[in-house]
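Okay, structure first, notes after.
Residue numbers (the working numbering): 6 to 403.
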């Protein structure tokens with residue numbers, strides 16, 4: 006009988022970052038099981054900072070949420086900046102939307118990119134339009150401040166809407182603290198509110214972080230893993246892992262404390278997998294690596310937002326998977342992988358992480374088959390500081 010290994014993952018970074026903005030806007034909110042990720046720490050510190058210049062490093066969510074937040078803090082003047090990579094990541098779509106509402110934001114260096122200067126003011130205009138196929142964080146940044154604006158906020162989403170689960174997560178968190186919203190067709194309305202009654206929000210553990218254990222169970226032989234503080238009917242889009250990893254023979258069962266991951270015995274794997282990851286782009290790297298580890302060719306689509314993450318994740322995946330012998334073709338929004346029949350295994354393979362936490366963690370399960378040298382391992386602190394300790398518990402040491 007397989008021994009079950011228990012792992013506790015901290016609160017969802019996505020939920021935590023949203024709740025920190027709401028807590029700052031409405032002081033009667035308390036938060037439990039807050040994420041211990043560096044991104045969340047950076048955001049919390051920035052919200053509490055009195056400095057004229059705030060540097061958020063690589064934290065893209067913080068850049069977007071803080072841009073919206075500081076725009077509506079009357080009398081506050083601040084410069085938001087970040088790492089060299091952050092200054093290459095676009096912010097124009099969000100700045101344009103906030104400017105349309107009346108915000109006072111200007112670029113310090115290159116137009117469309119951080120650093121930016123924000124002069125906080127009362128925002129009275131309540132209608133704005135934004136493309137629906139942009140990063141959901143732009144849309145969530147607007148939704149989070151909507152109820153604090155005097156006249157509320159109405160957002161018209163233009164064209165096809167992507168990353169819907171993350172938008173729904175934001176709306177659900179608003180509902181939990183008593184803010185009313187309405188989503189009809191392509192228009193989302195957030196109604197204004199002046200007071201939030203005292204409330205405590207317990208944040209669910211992070212499904213994106215759980216993905217690396219799904220990958221491990223898929224690749225390992227008879228290892229069962231229990232992950233605590235997960236719940237059915239999750240707000241997080243990455244809970245789609247449950248269905249996606251059925252393709253790899255991994256089953257998920259819920260109990261009072263969390264979830265148990267098991268690999269089906271004698272599971273017959275389809276040697277080619279086609280997945281649309283429009284709603285779950287953050288687990289694309291994990292899935293690609295799992296496919297390679299199992300010898301599955303794949304076509305992963307819906308990945309256009311990966312181009313503007315911590316690195317160009319499509320290019321990074323191509324370069325690193327090719328080191329193992331995989332044949333990779335990428336487009337602007339997809340990755341296509343073919344596994345040659347005879348792959349020569351190198352003694353040691355060095356994985357470049359490109360300052361991207363998910364590159365380090367996604368490739369880690371291949372340590373079951375290869376000797377890996379993962380460069381800049383500490384990059385995992387961005388979302389999962391205890392990652393390497395937890396992977397030691399399941400038998401992989403780096």
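By construction, the Cβ of each residue, glycine as well, lies at the ideal position given by its N, Cα and C atoms. All of these numbers come straight from a predicted model, not from anything done at the bench.
1) In terms of residue numbering, what span does the beta strand (DSSP E) encompassing residue 159 cover?
2) Tell whether a beta-carbon distance below 8 Å holds between residue 390 and residue 168.
3) Helix, strand or coil for residue 407, going by three-state DSSP, please let me know.
4) My assumption, with CB atoms under 8 Å, is that residue 160 sits in contact with residue 135. Please give the rounded CB distance.
5) Counting only runs of 3+ residues fully inside the segment 24 to 77, write out the beta strand (DSSP E) ranges in chain order.
6) Check the DSSP bridge columns for residue 267 and list the partner residues they point to.
7) For the beta strand (DSSP E) that residue 342 lies in, which residues bound it at each end?
8) So is residue 347 buried or exposed if we call it buried at 16+ other beta carbons inside 10 Å?
9) Near residue 361, what residues of its chain come up, given a Cβ to Cβ distance below 8 Å and the 5 sequence neighbours on each side ignored?
10) If you draw a straight line from the alpha carbon of residue 24 to that of residue 72, how long is it in whole angstroms?
11) Would residue 124 and residue 109 be called neighbours here (beta carbons separated by less than 8 Å)?
12) Since I believe residue 170 is in contact with residue 284 (beta carbons under 8 Å), could you give me their beta-carbon distance rounded to a whole number of angstroms?
13) Roughly how many whole angstroms lie between the Cα atoms of residue 137 and residue 270?
14) For the segment 260 to 278 against the segment 172 to 190, do three or more pairs of beta-carbon atoms, one drawn from each stretch, fall closer than 8 Å, so that the two count as touching?
15) DSSP three-state call for residue 90: helix, strand or coil?
16) Comparing alpha-carbon positions, which option in 293, 326, 337, 295 lies nearest residue 307?
17) Evaluate residue 31 with the Cβ neighbour count: other Cβ atoms within 10 Å of its Cβ, from every protein chain shown; 16 or more gives buried, anything less gives exposed.
18) From the DSSP output, in three-state form, read off residue 395 for me.
19) On the criterion of 16 or more Cβ atoms from any shown chain inside 10 Å, does residue 387 qualify as buried, or is it exposed?
20) Counting Cβ pairs, one atom from each stretch, are 3 or more of them under 8 Å apart for the segment 41 to 56 and the segment 234 to 242?
21) Helix or strand or just coil, what does DSSP make of residue 386?
22) Since residue 101 is in the alpha helix (DSSP H), which residue starts that stretch and which ends it?
23) Beta-carbon within less than 6 Å of residue 341's beta-carbon, same chain only, minus the 5 sequence neighbours each way: which residues are those?
24) Sorted by chain position, which residues of the same chain lie with C-beta nearer than 8 Å to residue 96's C-beta, five sequence neighbours on each side aside?
25) One question on the structure: do residue 35 and residue 201 come within less than 8 Å of each other, judged by their Cβ atoms?
Judging by the given coordinates:
1) On the chain shown, position 154 is the one that residue 159 refers to. Per DSSP, residue 159 belongs to the beta strand (DSSP E) from 158 to 163.
2) Position 385 of the chain shown, counting from 1, holds the residue named residue 390. Position 163 of the chain shown, counting from 1, holds the residue named residue 168. Result no, Cβ atoms of residue 390 and residue 168 do not sit closer than 8 Å.
3) Lying before the first or after the last residue shown, residue 407 is absent from the chain, which here runs from 6 to 403.
4) For the purposes of this step, residue 160 is taken as the residue at position 155 of the chain shown. For the purposes of this step, residue 135 is taken as the residue at position 130 of the chain shown. About 6 Å separates the two Cβ atoms, so the contact holds.
5) DSSP runs (the beta strand (DSSP E)) wholly in the segment 24 to 77: 34 to 37, 58 to 60.
6) Working through the chain shown from its first residue, we reach residue 267 at position 262. As computed with DSSP, residue 267 is found in a beta bridge with 256.
7) Counting from 1 along the chain shown, the entry for residue 342 is found at position 337. Counting along the chain, the beta strand (DSSP E) containing residue 342 begins and ends at 339 to 343.
8) Residue mapping note: residue 347 aligns to position 342 of the chain shown, counting from 1. Burial call: exposed.
9) Translated into the one-based positions of the chain shown, residue 361 becomes position 356. A distance below 8 Å between beta-carbons, with the five flanking residues on each side excluded, links residue 361 to the following residues of its chain, in chain order: 314, 315, 316, 318, 321, 384.
10) The count along the chain shown starts at 1 and reaches residue 24 at position 19. The count along the chain shown starts at 1 and reaches residue 72 at position 67. Straight-line measurement puts the Cα of residue 72 at about 16 Å from the Cα of residue 24.
11) Numbered from its first residue, the chain shown carries residue 124 at position 119. Numbered from its first residue, the chain shown carries residue 109 at position 104. It is a contact, given that the beta carbons lie within the stated cut-off.
12) Along the chain shown, read from residue 1 onward, the residue named residue 284 stands at position 279. Along the chain shown, read from residue 1 onward, the residue named residue 170 stands at position 165. For residue 284 against residue 170, the beta-carbon gap comes to about 5 Å, under 8 Å, which counts as contact.
13) Along the chain shown, one-based indexing puts residue 137 at 132. Along the chain shown, one-based indexing puts residue 270 at 265. The straight-line gap separating the alpha-carbon atoms of residue 137 and residue 270 is approximately 42 Å.
14) Contact between the segment 260 to 278 and the segment 172 to 190 is absent, because fewer than three Cβ pairs lie under 8 Å.
15) Taking the chain shown and counting its residues from 1, one reaches residue 90 at position 85. If DSSP states are grouped into helix, strand and coil, residue 90 belongs with coil.
16) Against the chain shown, residue 307 aligns to sequence position 302. For residue 307, the closest of 293, 326, 337, 295 by C-alpha to C-alpha distance is 337.
17) Residue mapping note: residue 31 aligns to position 26 of the chain shown, counting from 1. Per the 10 Å Cβ criterion, buried.
18) Position 390 of the chain shown, counted from the first residue, corresponds to residue 395. Looking at residue 395 - three-state DSSP - the assignment turns out to be helix.
19) On the chain shown, residue 387 is found 382 positions in, with the first residue counted as 1. The residue is buried, with at least 16 neighbouring Cβ atoms inside 10 Å.
20) By the Cβ criterion, the segment 41 to 56 is not in contact with the segment 234 to 242, since fewer than three pairs of Cβ atoms, one from each stretch, lie closer than 8 Å.
21) Along the chain shown, one-based indexing puts residue 386 at 381. DSSP, read as helix, strand or coil, puts residue 386 in helix.
22) Residue 101 sits at position 96 when you count from the first residue of the chain shown. Residue 101: member of the alpha helix (DSSP H) spanning 97 to 106, first to last residue.
23) Looking up residue 341 in the chain shown gives position 336. Leaving aside the five residues that flank residue 341 on each side, the residues in its chain whose CB is nearer than 6 Å to its CB run, in chain order, 304, 334.
24) Residue numbering aside, residue 96 sits at position 91 when the chain shown is read from its first letter. Excluding its 5 nearest sequence neighbours in each direction, residue 96 has C-beta neighbours in its own chain below 8 Å: 68, 69, 72, 117, 118, 119, 121, listed in chain order.
25) Within the chain shown, the letter at position 30 stands for residue 35. Within the chain shown, the letter at position 196 stands for residue 201. The beta carbons of residue 35 and residue 201 sit no closer together than 8 Å.
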